[in-house]
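Let me begin by presenting the structure, written as structure tokens, before commenting on it.
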Amino acid sequence: MERENILPILYDLAVTIGGEISLKPLLTRTLQRLLYYTSYPAGFICLDVPACHGDSEVSARIDAAVGDYDLVGQTGRRIMLPCSLLCGTAARETGKAELLSTLTNTHIRYKTFLRLPIDGSGVIVLLAPETPATEQPLTQIFQPVLAHLDKAITLCRSNDAYTSGLISERNLLAEVYASSYSGVLITDADGKIIEVNPAFTRITGYPLDEVRGKNPHVLSSGQHDHFFFQEMWDDIENNGHWQGEIWNRRKNGEIFPEWLSINPVRDKNGQPTNYVGMFSDISQRKEAEAKIHQLAFYDPLTQLPNRRLLLAHLPQTFSASVRTGSYGAVMLFDIDHFKTLNDTKGHEVGDLLLVEVAKRLNACIRNGDMVVRLGGDEFIVVLETLSPNPAEAATKAGQIAEKMRDALNQPFALQEYTHFTTPSIGVVLFRGHQDTVDNLLKYADTAMYQAKTSGRNAIRFYDPAMQAAIEARADLEGALRQALKQDQFRLHYQIQMDSLRRPTGAEVLLRWEHPGRGLVSPLQFIPLAEETGLIVPIGLWVLKVACTQLKKWQDDVALRNLSLAVNVSAKQLRQADFVAQVQRTLQETGARPACLKLELTESTVLENVDDTIAKMRELKLHGVSFSMDDFGTGYSSLQYLKRLPLDQLKIDQSFVRDLATDPNDAAIVQAIIAMSQALGLNVIAEGVETETQREFLDQHGCHNFQGYLFGKPLPLAQFEQLAQQAK
């Protein structure tokens with residue numbers, strides 16, 4: 003007997019017991035059902051069992067028997083039976099062949115029995131030659147049924163008419179159940195559906211045979227989270243009832259709202275035996291409410307939220323900011339020269355522009371953000387959870403504002419008229435309830451006015467410090483774009499050597515020499531280049547310069563065999579024509595592919611493993627080699643590592659730095675070396691600054707090094723001099 007089938011069995015037994023109004027059929031049918039569900043082949047029922055004493059036998063009447071013709075023949079007669087068979091608590095006894103051999107009234111030799119006392123009435127004994135295969139606690143499972151049977155026996159004995167009345171009452175309830183306009187479903191204690199009424203089928207589309215035995219979750223719309231249902235069941239457990247609005251899904255996939263009430267049915271011990279859910283479809287009511295809500299909280303022209311909804315939404319946004327600890331932003335957009343358009347082209351064209359502006363702003367926001375039409379030609383954008391760091395939050399808000407400004411700068415097709423417009427944008431950051439809604443909108447308006455007075459088509463932050471940071475970033479981005487055009491980038495070369503201190507190559511490192519700023523740190527401009535996409539043309543420039551240098555070295559005996567390691571960014575690698583760019587660069591410069599080594603980080607590789615592998619394999623066919631940079635700091639799995647057509651692993655300097663003092667770093671380095679050897683890969687360590695580090699690495703199988711012990715990154719001429727001296 004499987005656990006999920008227990009409650010339907012109990013339900014069946016309860017129906018069987020409740021359906022009989024005379025004693026003999028009641029006992030016989032109950033016994034038949036018990037035998038069927040427990041796999042015991044035979045059994046009998048004795049009522050009014052006399053008191054037992056020790057191991058003696060008593061004279062007991064067989065009131066019902068099934069499965070054993072000998073015992074069936076003794077029905078209604080008294081026979082001598084062992085006290086230990088009839089008396090005591092519910093028990094499942096095995097290996098009782100000796101005890102059961104005293105049953106001389108049957109020719110079958112039984113070895114096991116199940117005793118189920120009927121409270122106050124008698125006992126049920128199930129017999130079997132062998133123990134039926136079940137691990138279920140049968141003695142506990144049938145307790146509710148036996149309690150019900152005890153009552154049924156009393157009723158059958160005392161008043162057949164009363165029993166008949168109960169059946170009539172049950173039929174009446176069934177008729178009400180079947181004709182109810184509300185949907186009804188009944189589950190067992192485990193939440194498995196055992197019955198539904200016709201209204202349930204009409205509303206959901208599911209007939210009983212398609213949901214019987216399933217959890218009501220089959221109706222789930224997916225619109226409620228775990229906490230919703232946890233609160234529901236807490237209410238049922240603590241208050242004995244739950245009712246409320248819930249969204250479910252019909253069989254045809256349509257999601258609909260319903261008003262649902264759930265009540266448990268409990269036994270005499272207070273334990274739930276069933277749950278009854280009654281619900282009504284409230285789709286029409288919700289549609290009416292939605293229309294009222296739309297009229298009250300949305301702009302009829304643009305269909306955007308209006309000022310009323312904004313004022314209701316912002317306090318919730320402030321509370322969410324408190325929970326997350328993140329800054330958000332409010333941006334106020336004003337369409338420049340909108341009045342002129344209205345006056346010259348008419349309000350109909352002006353309305354068309356407002357609708358298109360709303361669409362473009364909506365297309366620029368993230369999930370969870372909000373675009374609001376404040377009135378006239380003013381729009382509000384609310385950005386949530388930008389960053390816990392105010393500078394980062396300001397940067398992100400500025401980027402989104404720039405994206406929206408660019409979108410609004412594109413031409414608008416208004417009827418037969420093409421219109422160009424610009425926005426003035428004021429931005430203010432917020433976190434928690436530090437400011438009121440009115441103050442925040444006032445600050446945004448102040449910032450927007452500053453954008454207007456600065457010449458329009460501008461973005462201004464309310465906080466002067468934030469504004470300065472945004473301007474500094476914009477200036478740096480502009481300077482970075484000019485750096486490529488004005489040849490401000492330089493390559494420095496950090497030498498790589500083997501165990502005999504012979505140069506094997508170098509890693510090329512990008513430097514920016516700005517005419518006014520001086521030497522700009524890569525930590526400043528590389529992340530900005532990645533973010534803006536400028537890393538792609540910059541990376542191509544690095545590749546071309548490196549290959550050009552390789553070609554020049556081919557005529558120098560001391561330098562011709564040196565390799566150059568060029569770092570490749572994720573955005574550069576993801577370019578569809580990346581392989582073609584590398585091949586074209588090699589062809590145009592005449593550099594030997596065998597001397598070019600492309601360095602990829604773990605995170606770059608794992609962004610799209612299959613695409614990366616395909617590009618690596620194609621370039622390796624042309625002789626280009628690959629090294630995995632900063633190995634050990636990412637999350638490469640051996641499964642991916644063995645698939646990658648790598649030539650080299652580079653041990654990150656963070657592990658090399660404390661090699662002599664940190665046992666963990668030493669163990670990691672040894673593991674990386676062993677892994678590279680097992681995979682047939684070359685290994686090189688970066689950040690080698692001491693002889694102790696070099697000796698440790700060399701002794702454990704790493705024979706290639708890069709670091710200040712051998713040389714810092716140098717301009718080309720100084721590097722060539724160092725390499726020639728080492729040769």
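For the sequence shown, the working numbering assigns the number 3 to the initial residue and increments by one for each residue that follows.
Note that beta-carbon positions come from the ideal geometry of N, C-alpha and C, so glycine has one too.
Nothing here was measured: the structure is a model prediction, and the numbers come from that model.
The criterion of a C-beta distance shorter than 8 Å is satisfied by LEU33 and ILE126.
Collapsing the DSSP output to three states places ASN250 in a strand.
Residues GLY215 of the same chain have their beta carbon placed closer than 6 Å to that of LYS194, with the five preceding and five following residues left out of the count. In the structure shown, SER389 adopts extended strand secondary structure according to DSSP, grouped into three states.
Taking the Cα of LEU343 as reference, the smallest distance to any Cα among THR423, GLN412, PHE281 is reached at THR423. Annotation for TYR13: the continuous alpha helix (DSSP H) segment containing it runs 8-20. Judged by their CB atoms, THR387 and THR326 are nearer to each other than the 8 Å cut-off. In the DSSP assignment, LEU575 falls within the alpha helix (DSSP H) that extends over 572-576.
Beta-bridge partners of GLY185 (DSSP): PHE281. GLY124 is bridged by DSSP to LEU49, ILE120. Just measuring C-alpha positions, the residue of MET618, SER605, THR591 sitting nearest PHE580 is MET618. Of the residues assessed, ASN240 falls on the exposed side of the cut-off, its CB having fewer than 16 other CB atoms within 10 angstroms. In this structure, ASN271 keeps its C-beta atom at 8 Å or more from the C-beta atom of ASP190.
One thing to note: HIS226 has its Cβ within 8 Å of the Cβ of TRP249.
If you look at PRO146, you'll find it in the alpha helix (DSSP H) that goes 145-160.
A Cβ-Cβ contact shorter than 8 Å links ALA453 with GLY428.
Put simply, the backbone Cα of TYR710 is about 26 Å away from that of ILE540.
Around LEU530, the same chain offers ARG475, LEU478, GLU479, LEU482, LEU536 as residues with beta carbons nearer than 8 Å, after the five sequence neighbours per side are excluded. Beta-bridge partners assigned by DSSP to SER629: GLU601, GLN650. A distance of 8 Å or more separates the beta carbons of GLN551 and GLY713. One thing to note: THR304 has its Cβ within 8 Å of the Cβ of ARG375. Taking every protein chain shown into account, the CB of SER627 has 16 or more other CB atoms within 10 angstroms, so this residue is buried. Per the coordinates, the alpha-carbon of GLY75 lies some 39 Å from the alpha-carbon of GLU197. Here ASP211 carries a helix assignment [DSSP, helix/strand/coil]. For ASP632, the closest of LEU651, GLU609, SER182 by C-alpha to C-alpha distance is LEU651.
Cα atoms of GLU509 and CYS704: separation of roughly 18 Å, rounded to the nearest angstrom. If you draw a 10 Å sphere on the C-beta of ASN199, you find 16 or more other C-beta atoms in it, and that means buried.
Boundaries of the beta strand (DSSP E) harbouring ALA67: 66-68, taken from the DSSP string. Taking the C-beta atoms as reference points, THR133 is found no nearer than 8 Å to THR104. Boundaries of the beta strand (DSSP E) harbouring SER263: 257-268, taken from the DSSP string.
Judged by DSSP in its simplified three-state form, PHE707 adopts strand. Contact fails between the stretch 260-270 and the stretch 337-352, because fewer than three Cβ pairs, one in each stretch, are under 8 Å apart. Around the beta carbon of ASN706, 16 or more other beta carbons lie within 10 angstroms, which makes this residue buried.
The C-beta separation of ALA331 from LEU431 comes to about 5 Å, placing the pair in contact by the 8 Å criterion. Around the C-beta of GLN708, 16 or more other C-beta atoms lie within 10 Å, and the residue is accordingly described as buried. With contacts defined as CB atoms closer than 8 Å, VAL51 and ALA44 fail to qualify as a contacting pair.
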